[in-house]
Amino acid sequence: MRATAATSTRAVGQSDDAPVAIVGAGFAGLTAGGYLRAHGVPVRVYEASSQVAGLARSFVDDDGFSSDFGAHFITNRLAAAVGFSSHCEPVPRYDEAFWLGARSREYPFGIISSPRFVTSALAAKLQRTRAVDSAADWFRKHYGRALADDVAIPLTEAWSGAPASELSAAVAEKIPASALQTLKLGLAKRISGRMVAIGYCRELHESPHVWHVYPRGGVGAMCEHMAQPLCDHISTRSPVESIVVEDGRATGVCVAGQFESASAVICTSPVHVLAKLVVGTDALQPLATFRYRPMVFVNLRFEGRGLLPAVVLWTPEREAPFFRLTETPLSAPWLAPAGKTIITADIGCQVGDEIWCMSDEELGGRCVEALTRIIPDATQRYLGCRVLRTPLAYPVFLRCYESERRRFAASSGVDGLYSIGRNGEFAHILLEDIYWRTRRTMRKLMAERSVASAC
Ligand SMILES: Cc1cc2nc3c(=O)[nH]c(=O)nc-3n(C[C@H](O)[C@H](O)[C@H](O)COP(=O)(O)OP(=O)(O)OC[C@H]3O[C@@H](n4cnc5c(N)ncnc54)[C@H](O)[C@@H]3O)c2cc1C
């Protein structure tokens, strides 16, 4: 039986005076640590690597080009919430488009102006409701066959690495829920000239007052700012080797062979890693098989700027080696030296496969060759590339995970153990959702502490 805060008792030697142990100093761990410290709860943050920020790290090379793991657009609302507004610039441009049939279609208006997509979406609406068992069913039911088969399904398969028929319909939860709302926000963007954020946050309302900003120094700089009040409480180069559970309750962590008592444990590791870290219960074992999609980001440098038709260009046609291209200097001009630009190509892969093992030079060459369909003189403009690889970019929502995934979304199943963040929640969420959801979980943790101390 899964224990609850009300039914469990404190393990011997454990007290509320022991700090809350936080595994990982990425954005989620820093959000949790900052919230708890601000409420007078002692914390200790253990970070395996030598620096904070995790996936939100930013890199600047000797030639003046900056890149993140993926481009990190945030909103003015998040910047204000973490006290970093004065270091963020509203972006002069943010738009998305699809490259289809040798031309670019702006999102969302270029899609709704296509008679083929609109007819097929209307036909789908008129059809009797069919059972929706998979992501493929969901896309065909909501978008119609043409838009689903030409755009949504190939893109989903490229970033997840699994057939859409094997993916849960819950994949669609990351997509803006209402077409009408998307169009309204698109109109607000056109009228106000603000780069209104669409599809970046689900926890709070999207509105014409929430727009994209880009932190100077990258999102990594924002994480360093969040780490400052915690600096005496963060241990870097300190991988947590295990999370100890006694009598159904997390009681501490092992670091460098030492047991460190904790009043609760918050983990930001991927869930399949969490399942292996936890000792003293097998409640998390089903998560050990969950997988994430590895990704290679090829940061291509070019002479010139404004080479893509939009800041983010989705490339659903299956012959392209990448599924998304981002020219971040259109939004944040300081990310590349004047007169030059950087385009990031996102490529899904498996650790150890041909793409993962390919040299930077070869990956760059392959991308540039494919890019000539969009930028005819890409080869002449090309100045080289820098490649970032991550084994953990996107949670893969296989249908066979669904019941365990939902159970885990409700509770870790272990008292005093909370799993947060994008990989920790196994959820397709961006930074702002991580922020609000983590704060909500921290409020729950504090309420459970009060109940436990009252008992
Ligand atoms: C391609 C891509 C593009 C993105 N673009 C955007 C965007 O434009 N806007 C946006 O808002 N978000 C974006 N995101 C999402 C954002 O990058 C992530 O959601 C966020 O950085 C995840 O933070 P996290 O703290 O949950 O996890 P992580 O950043 O993975 O942090 C986890 C930390 O825990 C540490 N750790 C793990 N295990 C242990 C252990 N056993 N002991 C100690 N430490 C451990 C790791 O070293 C790491 O530092 C993007 C993500 C990707 C992949």
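As numbered in numbering that gives the first Met the number 0, residues 0 to 454 make up the sequence shown, in order.
Beta carbons: idealized from backbone N, C-alpha and C, even for Gly.
Between which two residues does the alpha helix (DSSP H) harbouring residue i extend?
| i | result |
| --- | --- |
| P293 | No alpha helix (DSSP H) contains P293, which is instead part of the beta strand (DSSP E) from 291-302. |
| F322 | Premise fails: F322 is in no alpha helix (DSSP H) and is neither H nor E. |
| L179 | 178-191 |
| T440 | 430-453 |
| G420 | 420-424 |
| R139 | 134-142 |
| L203 | It is not in any alpha helix (DSSP H) - L203 carries neither H nor E in the DSSP assignment. |
| W313 | Taken as a continuous stretch (DSSP letters only), W313 belongs to no alpha helix (DSSP H), being part of the beta strand (DSSP E) at 311-313. |
| V40 | It is not in any alpha helix (DSSP H) - V40 carries neither H nor E in the DSSP assignment. |
| S159 | 152-159 |
| V413 | Per DSSP, V413 belongs to no alpha helix (DSSP H) and is neither H nor E. |
I'd like to confirm something about residue i: is its beta-carbon nearer than 8 Å to some heavy atom of ligand 1, or not?
| i | result |
| --- | --- |
| A24 | yes |
| V272 | yes |
| G28 | yes |
| D359 | no |
| S159 | no |
| R439 | no |
| K314 | Here residue 314 turns out to be Thr, not Lys, going by the sequence shown. Result no, Cβ not under 8 Å from ligand 1. |
| F68 | yes |
| Y93 | no |
| I341 | no |
| P382 | Sequence inspection shows Leu at residue 382; the Pro mentioned does not correspond to that position. Checking every heavy atom of ligand 1 against the Cβ of L382, none is found closer than 8 Å. |
| S112 | no |
| A120 | no |
| L154 | no |
| H71 | yes |
| D281 | no |
| G217 | no |
| V295 | no |
| V51 | yes |
| V239 | yes |
| Y34 | no |
| A55 | yes |
| A47 | yes |
| D376 | no |
| A420 | At residue 420 the sequence reads Gly, which differs from the Ala that was named. Result yes, Cβ under 8 Å from ligand 1. |
Identify whether residue i lies in helix, strand or coil by the three-state DSSP scheme.
| i | result |
| --- | --- |
| T371 | coil |
| G28 | helix |
| L306 | coil |
| R129 | coil |
| H211 | strand |
| E401 | helix |
| S84 | helix |
| C356 | helix |
| D94 | coil |
| S262 | coil |
| L283 | coil |
| P269 | coil |
| I73 | strand |
| R9 | At R9, the pLDDT of 47 sits below 50, so the modelled position is not reliable; the number obtained from the coordinates is stated separately. Reduced to three states, the DSSP call for R9 is coil. |
| V350 | coil |
| A52 | strand |
| P89 | strand |
Less than 6 Å between C-beta atoms, sequence neighbours within five positions excluded: which residues of the same chain meet that for residue i?
| i | result |
| --- | --- |
| R380 | F301, E302, G303 |
| K443 | none |
| C454 | none |
| V59 | S65 |
| G251 | V243, F258, E259, S260, A261 |
| T437 | A27, T30, A31, I419 |
| M445 | none |
| V270 | L286, F289, F425 |
| I374 | L306 |
Beta strand (DSSP E) containing residue i: first to last residue?
| i | result |
| --- | --- |
| V59 | 57-59 |
| Y106 | Looking at the DSSP string, Y106 is not in any beta strand (DSSP E), and its letter there is neither H nor E. |
| D345 | 339-347 |
| R388 | 381-394 |
| V19 | 19-22 |
| M65 | For clarity, residue 65 is Ser in the given sequence; the question names Met instead. Element bounds for S65: 65-67. |
By Cβ distance below 8 Å, which residues in the same chain neighbour residue i in space, the five residues on each side in sequence not counted?
| i | result |
| --- | --- |
| G338 | E302, G303, R304 |
| G109 | A96, F97, S103 |
Got a sec? Which residues, its chain only, sit under 7 Å from residue i by beta carbon, not counting five neighbours each side?
| i | result |
| --- | --- |
| A274 | L283, Q284, L286, A287 |
| R317 | P153 |
| C356 | none |
| A161 | V395, L397 |
| W435 | E202, L203 |
| M0 | Note on M0: pLDDT 29, under 50, position unreliable in the model; no value is reported. |
| T440 | Y417, I419 |
Counting only runs of 3+ residues fully inside the stretch 214-256, write out the beta strand (DSSP E) ranges in chain order. Scanning the stretch 214-256 from its first residue to its last, the whole beta strand (DSSP E) runs of 3-plus residues come out as 239-245, 248-254.
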